[in-house]
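So the first sequence is residues 1 to 596, counted in full-length UniProt numbering.
Below you'll find the structure, written out as structure tokens, and then a few comments.
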Amino acid sequence: MDIQKALTNTLASAFHDLFDQKVDPDSLLLQATRKEFEGTYTFVMFPFLKLTKSSPEASGEKIGNYLLKHLSEVSAFNVVKGFLNISLSPAYWIRLFEELYLKKEIGSFPQKESRVMVEYSSPNTNKPLHLGHLRNNFLGFSIARILKAYGYEVIKANLVNDRGIHICKSMVAYSKLGNGETPETAGIKGDHLVGKYYVLFDKEYKRQVRELMDAGMQEEGAKKAAPWMEEAQQMLVDWEAGDPETVGLWKKLNGWVYQGFEATYRQMGVDFDQYYYESDTYLLGKDIVSEGLEKGVFFKKENGSVWADLSEEGLDEKLILRADGTSVYMTQDMGTADLKYRDHQIDKSVYVVGNEQDYHFEVLFKIMRKLGRPYANGLYHLSYGMVDLPSGKMKSREGTVVDADDLMAEMINTAREHTQELGKIEGFSLEEAEALYEILGLGALKYFLLKVDPKKRMLFNPQESIEFQGNTGPFIQYTHARIAAILRKAAQIELDYSAARCRNYLSLETVEQSLIFQLNDYSNKIAAAAEELSPALIAQYLFDLAKEYNRFYAELPIFSETQAEEQAFRVALSAQVAKTIKSGMGLLGIDVPQKM
RNA sequence: GGUCCUGUAGCUCAACUGGAUAGAGCAACUGCCUUCUAAGCAGUAGGUUUCAGGUUCGAGUCCUGACAGGAUCACCA
């Protein structure tokens with residue numbers, strides 16, 4: 001039953017019967033009626049006054065009456081200025097509710113014959129994850145779930161940047177100052193340990209640069225001539241040559257980092273189906289260079305470097321291969337794009353990468369299109385904005401990064417304090433209580449990072465950002481826990497709230513109507529979130545739903561002063577809201593508790 | 001300097017893609033726990049949507065131009 005379609009079809013025939021005008025039903029748009037007016041859907045008359053040749057009010061009246069006569073679901077209408085507000089009958093609402101209530105699965109779409117890869121996280125292995133990575137990981141994981149719900153087969157991929165000069169920096173510092181330290185002996189996570197040496201490298205390197213400059217060297221020269229930098233560069237060369245000692249050290253440090261990352265990912269609640277490592281893929285793409293030269297997509301300069309000329313597309317020339325024949329970032333990414341396609345025959349590929357790489361991906365996608373890749377039109381860059389601190393941008397060198405592990409631990413701790421303050425853990429075992437703190441702390445954090453439009457950059461204030469009231473994860477989780485309590489009580493008194501029992505309840509309150517409307521809207525939101533790659537739409541939806549439910553909860557009694565069918569319906573409605581919240585929060589990667 | 005993104009209440013964010021009197025949350029203030037969880041609900045206050053033009057029945061949304069913030073424009077990744 002698609003009421004919007006029925007309405008637009010009837011509107012079109014109204015134009016035909018009343019005004020002798022042919023109108024395409026698909027061109028007629030309905031919008032949700034604003035809260036302060038009576039009705040569910042609103043049809044705006046203004047664009048059609050030329051067809052009706054009468055005033056907005058008169059046209060609205062005529063069409064409203066026509067709807068009333070020809071569509072049984074329409075129970076009333078009113079016209080305010082040029083807006084025709086349409087009300088639907090209680091019978092319609094109850095029927096719609098029953099339809100939703102009886103569905104086994106909520107918010108699921110028919111399986112598409114289409115496979116999509118979502119690449120996210122993609123960390124460097126020289127330092128631990130920070131707040132920016134949290135936004136990336138939560139976004140990627142959530143988008144993967146949303147696309148899956150929308151019917152795609154989804155592959156979550158992590159392209160680990162495990163080689164390069166940055167790793168070598170940590171390696172140099174460790175070989176100088178490490179003294180055989182390990183995560184075990186140091187008592188810290190492997191990624192943090194390696195990060196420590198990365199910072200130590202930077203410190204010493206800066207000192208060396210300053211020393212050289214004091215001795216009269218220019219800054220640029222000093223930066224290259226600093227002994228540790230020269231060693232790091234040499235290490236990179238050795239690594240590429242496969243020098244056993246260098247590779248051994250590299251493996252050791254990376255192994256520690258992976259152990260650390262794994263713990264962080266587990267705490268974040270994200271996972272991957274496929275890992276790619278740049279140490280395996282960094283040489284890929286070179287054969288595409290020759291292919292591109294043959295096809296005339298690329299051209300060679302006198303010194304032997306290879307370029308793509310994108311000036312016709314409004315961009316400029318872009319380097320594809322260095323004069324010495326070594327590859328650049330773009331070369332690798334072309335190769336990896338092919339690799340992903342070869343491995344999984346994907347139709348779409350989503351790259352969850354920060355917006356500082358907008359230009360890079362614009363170029364990459366254009367090149368793949370020019371090369372005639374079959375998957376080129378399915379490439380998307382989910383470009384998200386940076387997370388700023390009140391002090392401005394996070395800078396690892398200035399020690400202003402917010403560490404991911406620390407932040408999550410802090411969140412869980414705050415949840416613990418807050419819950420204990422409210423005295424809400426009576427009857428909880430210790431394990432149950434700890435599990436709850438984790439659900440709430442991470443829920444607050446994830447919701448906070450996901451509720452904002454991904455492409456906008458956002459502000460994170462450690463002191464104030466994470467609340468447990470208002471538009472927050474815990475608010476929605478709380479709503480779920482409240483409903484769970486109702487369902488426990490219903491079970492306890494053995495209340496029958498089957499669909500058949502709700503059917504006779506026809507004196508719906510407006511809150512109840514609007515809840516049914518919102519429940520029905522869930523699948524539309526999933527579709528929109530999937531198409532726009534925006535979990536924020538789900539977050540916003542869940543907040544609105546929870547808010548509306550809490551209004552219902554405060555205004556209407558359930559177990560007392562109610563008729564049998566009224567009671568059954570309200571419990572069933574609550575159950576459906578809880579189900580939707582659980583499902584929607586699941587799309588955000590957030591758990592919901594039964595009690596809190 | 002070129003290109004791209006952003007600018008909405010004191011703060012953090014919405015606004016169904018051009019529709020009605022621009023909405024939430026936080027912070028402030030006022031009510032509501034002897035009924036299903038007060039991490040809640042109801043209310044008050046808070047706006048020249050950065051500015052100036054333009055397009056039309058109608059603009060926060062579209063176009064032009066300023067202004068402000070950010071990103072990017074490497075034989076870096």
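C-beta: ideal position from N, C-alpha, C; glycine also.
Just so you know, these numbers come straight off a predicted model, no measurement behind them.
Best match in the options for proximity to residue i [C-alpha to C-alpha]
i, options, result
"D287", "E240, T336, V80", "T336"
"K295", "E220, G372, Q357, P390", "G372"
"F138", "R266, S55, L28", "R266"
"R34", "S27, L28, F43, D26", "F43"
"K112", "S429, K148, L283", "K148"
"G392", "N461, F428, S383", "N461"
"G427", "G441, M596, A530", "M596"
"Q420", "E231, A409, A433, E410", "A433"
"E548", "Q594, N471, S507", "N471"
"E204", "H192, S170, Q594, G187", "S170"
"G82", "L450, E98, K62, A91", "K62"
"T10", "S383, I412, G423, N65", "N65"
"V80", "E36, Y120, I581, K451", "E36"
"I320", "V297, G314, D338", "V297"
"A546", "Q567, M235, A232, Y522", "Y522"
"D191", "E153, E73, A263", "A263"
"V387", "D338, A444, I439, D453", "D453"
Boundaries (first-last residue) of the alpha helix (DSSP H) holding residue i
i, result
"E220", "219-225"
"T10", "3-19"
"F543", "535-555"
"N124", "Careful: N124 lies outside any alpha helix (DSSP H) and carries neither H nor E."
"Y522", "510-532"
"S429", "Here S429 belongs to no alpha helix (DSSP H), and DSSP marks it neither H nor E."
"Y115", "The identity of residue 115 in the sequence shown is Arg, whereas the question assumes Tyr. Not the alpha helix (DSSP H): R115 falls in the beta strand (DSSP E), residues 115-119."
"Q420", "404-422"
"Y359", "358-370"
"F569", "564-587"
"N65", "56-70"
"Y92", "90-102"
"Y174", "165-177"
"E181", "No alpha helix (DSSP H) contains E181, which DSSP labels as neither H nor E."
DSSP-derived helix/strand/coil call for residue i
i, result
"G215", "For the record, residue 215 in the displayed sequence is Ala; it is not Gly. Three-state result, A215: coil."
"R34", "coil"
"D338", "helix"
"E493", "The sequence shown places Ile at residue 493, not Glu. Residue state, collapsed to three classes: coil."
"residue 599", "Outside the displayed span of the chain (1 to 596) sits residue 599, for which this structure offers no information."
"L159", "strand"
"Y258", "helix"
"A308", "strand"
"Y505", "coil"
"L28", "coil"
"V154", "strand"
"F299", "strand"
"M458", "strand"
"G392", "strand"
"V592", "coil"
"L193", "helix"
Range of the contiguous beta strand (DSSP E) that encloses residue i
i, result
"F77", "74-80"
"L321", "317-321"
"G354", "348-354"
"Y276", "274-277"
"L51", "Not the beta strand (DSSP E): L51 falls in the alpha helix (DSSP H), residues 49-52."
"V44", "41-44"
Beta-carbon separation (whole angstroms), residue i vs residue j, contact threshold 8 Å
i, j, result
"D347", "Y329", "That pair is no contact at about 25 Å."
"A554", "A484", "Not a contact, Cβ separation roughly 17 Å."
"R501", "E565", "6 Å"
"H344", "F361", "Not confirmed; about 20 Å, so no contact."
"P390", "Q477", "Not confirmed; about 27 Å, so no contact."
"I367", "G107", "So it is not a contact: roughly 37 Å between Cβ atoms."
"A94", "L587", "In the sequence as displayed, the identity of residue 94 is Ile instead of Ala. Rounded, the Cβ-Cβ distance is 27 Å, inconsistent with contact."
"V352", "N136", "6 Å"
"E438", "I466", "The pair is not a contact, with the Cβ atoms about 14 Å apart (cut-off 8 Å)."
"N77", "L68", "Checking the sequence shown, residue 77 turns out to be Phe, not Asn. Indeed, because the Cβ distance is near 6 Å, the residues count as touching under 8 Å."
Exercise for review: Say whether the region 205-218 touches the region 265-272, bearing in mind that this needs 3 or more beta-carbon pairs closer than 8 Å, one atom from each stretch.
Suggested key: Taking a cut-off of 8 Å for Cβ pairs, the region 205-218 and the region 265-272 do not touch, as fewer than three such pairs fall below it.
Check your understanding: Within the chosen definition, does the region 87-99 reach the region 113-127 through at least 3 CB pairs nearer than 8 Å?
Key -> The region 87-99 and the region 113-127 do not touch, with fewer than 3 CB-CB distances between them shorter than 8 Å.
Check your understanding: Should the region 128-135 be regarded as contacting the region 161-180, the criterion being three or more beta carbon pairs within less than 8 Å?
Key -> These segments do not touch.
Review point. Within the chosen definition, does the region 249-261 reach the region 299-316 through at least 3 CB pairs nearer than 8 Å?
Key: no
Review point. Three or more C-beta pairs closer than 8 Å, one from the region 493-508 and one from the region 534-542: is that the case here?
Key: Proximity of the region 493-508 to the region 534-542 falls short of the contact definition, fewer than three beta-carbon pairs being nearer than 8 Å.
**Study point:** Cβ contact check for the region 100-109 and the region 50-60: 3 or more pairs under 8 Å
**Key:** With the cut-off at 8 Å, the region 100-109 and the region 50-60 do not touch.
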